[in-house]
Amino acid sequence: MTNLYDEAYQQSINDPETFWGNAAEDCKWDKKWDKVLDDSNKPFYRWFTGGELNTCYNALDYHVDERGRGDKIAIIYDSPVTNTIKKYTYSELRDKVAKFAGVLVEQGVVKGDRVIVYMPMIPEAAIAMLACARIGAIHSVVFGGFAAKELATRIEDAKPRVIVSASCGIEGKKVIKYKPLLDEAINLSSSKPEKCVIFQRPMETASMVEGRDIDWSDAAAQAAPAACVSVAATDPLYILYTSGTTGQPKGVVRDNGGHLVALKWTMKAIYDIDEDDVWWAASDVGWVVGHSYIVYAPLFKGCTSILFEGKPVGTPDAGVFWRIISEHKVKCMFTAPTAYRAIKREDPKAKLMKDYDLSCFKILFLAGERSDPDTIQWSENNLNVPVIDHWWQTETGWAIAANCMGLHHFPVKYGSPTKAVPGWDVQSLNEANEPVTPGEIGALSVKLPLPPGTLPTLWQNDARYKESYLDEYPGYYKTADAGIVDEEGYIYVMSRTDDIINVAGHRLSTGAMEEVLSDHPDVAECAVLGVEDSLKGQVPVGFLVLNAGVERSNDEIIKEVVQMVRDRIGPVAAFKTATVVKRLPKTRSGKILRGTIQKIADNADYNVPATIDDPATLGEMEAALEGIGLAKARK
Numbered sequence: 306m307t308n309l310y311d312e313a314y315q316q317s318i319n320d321p322e323t324f325w326g327n328a329a330e331d332c333k334w335d336k337k338w339d340k341v342l343d344d345s346n347k348p349f350y351r352w353f354t355g356g357e358l359n360t361c362y363n364a365l366d367y368h369v370d371e372r373g374r375g376d377k378i379a380i381i382y383d384s385p386v387t388n389t390i391k392k393y394t395y396s397e398l399r400d401k402v403a404k405f406a407g408v409l410v411e412q413g414v415v416k417g418d419r420v421i422v423y424m425p426m427i428p429e430a431a432i433a434m435l436a437c438a439r440i441g442a443i444h445s446v447v448f449g450g451f452a453a454k455e456l457a458t459r460i461e462d463a464k465p466r467v468i469v470s471a472s473c474g475i476e477g478k479k480v481i482k483y484k485p486l487l488d489e490a491i492n493l494s495s496s497k498p499e500k501c502v503i504f505q506r507p508m509e510t511a512s513m514v515e516g517r518d519i520d521w522s523d524a525a526a527q528a529a530p531a532a533c534v535s536v537a538a539t540d541p542l543y544i545l546y547t548s549g550t551t552g553q554p555k556g557v558v559r560d561n562g563g564h565l566v567a568l569k570w571t572m573k574a575i576y577d578i579d580e581d582d583v584w585w586a587a588s589d590v591g592w593v594v595g596h597s598y599i600v601y602a603p604l605f606k607g608c609t610s611i612l613f614e615g616k617p618v619g620t621p622d623a624g625v626f627w628r629i630i631s632e633h634k635v636k637c638m639f640t641a642p643t644a645y646r647a648i649k650r651e652d653p654k655a656k657l658m659k660d661y662d663l664s665c666f667k668i669l670f671l672a673g674e675r676s677d678p679d680t681i682q683w684s685e686n687n688l689n690v691p692v693i694d695h696w697w698q699t700e701t702g703w704a705i706a707a708n709c710m711g712l713h714h715f716p717v718k719y720g721s722p723t724k725a726v727p728g729w730d731v732q733s734l735n736e737a738n739e740p741v742t743p744g745e746i747g748a749l750s751v752k753l754p755l756p757p758g759t760l761p762t763l764w765q766n767d768a769r770y771k772e773s774y775l776d777e778y779p780g781y782y783k784t785a786d787a788g789i790v791d792e793e794g795y796i797y798v799m800s801r802t803d804d805i806i807n808v809a810g811h812r813l814s815t816g817a818m819e820e821v822l823s824d825h826p827d828v829a830e831c832a833v834l835g836v837e838d839s840l841k842g843q844v845p846v847g848f849l850v851l852n853a854g855v856e857r858s859n860d861e862i863i864k865e866v867v868q869m870v871r872d873r874i875g876p877v878a879a880f881k882t883a884t885v886v887k888r889l890p891k892t893r894s895g896k897i898l899r900g901t902i903q904k905i906a907d908n909a910d911y912n913v914p915a916t917i918d919d920p921a922t923l924g925e926m927e928a929a930l931e932g933i934g935l936a937k938a939r940k
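Anchor point for the sequence shown: position 483 equals 788 in this note's numbering, and the numbering is continuous, going up by one each time.
So, in structure tokens, the structure goes:
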């Protein structure tokens, strides 16, 4: 018996023009498209060519002017680090965005100009993004507090006419001054902005450069509101930089038309969100999740989106998520598994959850890195709602694989983000570019064309786009993830392709070993990576972070996890070495920096990654590796 998912999936693969053409009818167009899918310049596919629209109009004005929903709450800003809660209706948000768009117009910004947004998690970050979209400017959000050198490379590449920033951000209990970082980045870059618009926060006043820097509040008070500018569906909406293997970041481009159509469709189809619901993506606007699911998709849908300035633990405690869900009546939440691992580590018995009424809460979505079964089960058992792992990337802009809760709820298989989302023809390939047998590990790839809303290319670098994503598997997009598609179509993302280790000729997934380690009751989170071995080529090493309050000896726990891997994966894994660490080096978005840990273990030179949350964790990792004889002491 077919269900809504099966029908949608089959049509999306067999007749993508009809499928996405129907989805596009739900959006407001200034001029209808000539062609849904333009494949005249393969492999550079384009969606909705000839169509014209405005992204900001679809996010704000449409709900106010055409649907009479101006009084609906658009954004709830909840900031435990500043003890602030502020709500903006669609009308209020539209007016603020139009005013700030007017500020940008007064600085000479026109359609096609770039604007870098270097902001903390405050409403003004979303306002700046939407203001750029309103006038057809291309925004590039850089995570607030990013190092000056990294910001400089993005200024160099995007060549913004204006940079929008704030005086500071707040990380936990620390105030991070942004302005000195911004000034240094501009000094380092050969491309200089004409103007910088600075939002002064109460806890830090930034010094201004005369003739270049403009105060946000003063300028917005005097600006004339700007109207929406119609752009081509294929015009860029934003550039989002993702780290490249060469050290030169890759500017992922997102277009206006396909992005609007795909993201609006996902809110109901994947997340089961309707316009009267409250939705929360606990991420940051510096990452793709923040673009897609804090700012754009929820506003396209017309629902309420929560913008959270804080951390899952420590602001003030491991109950902050439950407080926000309860207080704002959140139906559905999306965050990284690492957030729930942090909560589980601090409050393993979920005692703080009992202080709140969570009856409004219906679904938890996890993504960002692999969701280990233990974290999923802990969340299921305590929240009593479906916990859905789904898989996507900066480049894709939305989910490749998910349990599409608005179409059909499939049984969960732990370790799998369920099936390919409509629009995605996912196959696991061997080195000869052929699909492997179901259940065998291969390179997870997507048959072209990619659906709308994905990257059409890299910013001013078509050659690098082809080389990075298309050349290795002709006719496919390379995800750089390794995994399995089983006989029922469930996808298992085992690890990055470079995380498949070769132990004495056996190809093994470090992700599968991590799954075993995370199943140990005392382990809060873990990482496994392959280190060089003269006999076997590579051997796996495990790093364990224990739950709060564990009183057993580390040696005892290590012995048990070694035995667990032996029992479940077999002696072939050659898993004999593990160590307990206080914490793992991570990016600010919660991804474990496996590549950097690997270099430390192999005594290779490494640079401190720009995205690292706390550089001190690298020193701790060096000490831990030295303790098990794997890293030599560094000068």
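Ideal Cβ placement from N, Cα and C applies to all residues, glycine included.
Under the DSSP assignment, Gly556 falls in the beta strand (DSSP E) whose first and last residues are Lys555 to Asp560. By the neighbour-count criterion, in which 16 or more other beta carbons inside 10 Å mark a residue as buried, Glu515 falls on the exposed side. Contact between Thr680 and Arg646 holds, with the beta-carbon distance rounding to 5 angstroms and staying under 8 angstroms. Measuring C-alpha to C-alpha distances from Cys637 to each of Asp824, Glu819, Lys336 and Ser610 identifies Ser610 as the nearest. Non-local beta-carbon contacts of Trp703 in its own chain, meaning distances under 7 angstroms to residues more than five positions away in sequence, involve Ala567, Leu568, Thr571, Ser597, Trp697 and Gly758 in chain order.
Between Gly441 and Lys401, the C-beta spacing is not below 8 angstroms. Judged by beta-carbon spacing, Phe666 lies within the 8 angstroms limit of Leu688, meaning their Cβ atoms are closer than that value. Cβ contact annotation for Asp907 (same chain, cutoff 7 angstroms, sequence separation greater than five): Val836 and Glu837, in chain order. The alpha-carbon separation between Tyr797 and Gly788 amounts to approximately 5 angstroms. Under the three-state reduction of DSSP, Met799 is assigned to strand. Here Leu545 is near Val446, since their CB atoms are less than 8 angstroms apart. For Leu671, the enclosing beta strand (DSSP E) covers residues Ile668 to Leu671. By the neighbour-count definition (other C-beta atoms within 10 Å, threshold 16), Glu614 is a buried residue. Under the 8 angstroms Cβ criterion, the region 332-346 does not count as touching the region 574-592, having fewer than three qualifying pairs. Closest by C-alpha distance to Ile421, out of Lys783, Cys501, Tyr382 and Ala706, is Cys501. In the displayed model, Cys533 falls within coil according to three-state DSSP, outside both helix and strand. DSSP, reduced to helix, strand and coil, places Phe448 outside both helices and strands of the structure shown, so it counts as coil. Residue burial annotation: Lys616 is buried, with at least 16 other C-beta atoms found within 10 angstroms of its C-beta.
Of the candidates Trp334, Glu674, Glu509 and Trp352, the residue whose Cα lies closest to the Cα of Lys891 is Glu674. Contact annotation: Ala490 and Ala453 have beta-carbon atoms nearer than 8 angstroms. With respect to the 8 angstroms criterion, Lys377 and Tyr362 are not classified as neighbours on the basis of their beta carbons. Minimum Cα-Cα distance from Ile902 among the listed residues Ala928, Leu456 and Ala878 corresponds to Ala928.
When the five nearest sequence neighbours on each side are left out, the beta carbons in the same chain lying within less than 7 angstroms of the beta carbon of Lys634 are those of Val583 and Cys665, in order along the chain.
Rounded to the nearest whole angstrom, the CA to CA distance from Asp370 to Gln315 is 36 angstroms.
Taking all protein chains shown into account, Thr458 has 16 or more neighbouring C-beta atoms within 10 Å of its C-beta and is therefore buried. In this structure, the alpha-carbon of Gly924 lies about 54 angstroms from that of Asp320. According to the DSSP assignment, Glu685 belongs to no beta strand (DSSP E) but to the alpha helix (DSSP H) extending over Pro678 to Leu688.
Taking the Cβ atoms as the reference, Gly711 lies roughly 6 angstroms from Ile575, within the contact range of under 8 angstroms.
In the structure shown, Arg888 falls within a coil segment according to DSSP collapsed to helix, strand and coil. Cβ contact annotation for Trp627 (same chain, cutoff 8 angstroms, sequence separation greater than five): Leu657, Met658, Asp660, Tyr661 and Leu663, in chain order. The beta-bridge partner set that DSSP reports for Tyr483 is empty.
Secondary-structure assignment with DSSP links Leu612 through a beta bridge to Tyr382. By a beta-carbon distance limit of 8 angstroms, Lys333 contacts Tyr367. Their separation comes to about 5 angstroms. In the DSSP assignment, Val870 falls within the alpha helix (DSSP H) that extends over Asn859 to Arg873. In the DSSP assignment, Val913 forms no beta bridge with any residue.
Between Asp540 and Met426, the alpha-carbon positions lie close to 27 angstroms from each other.
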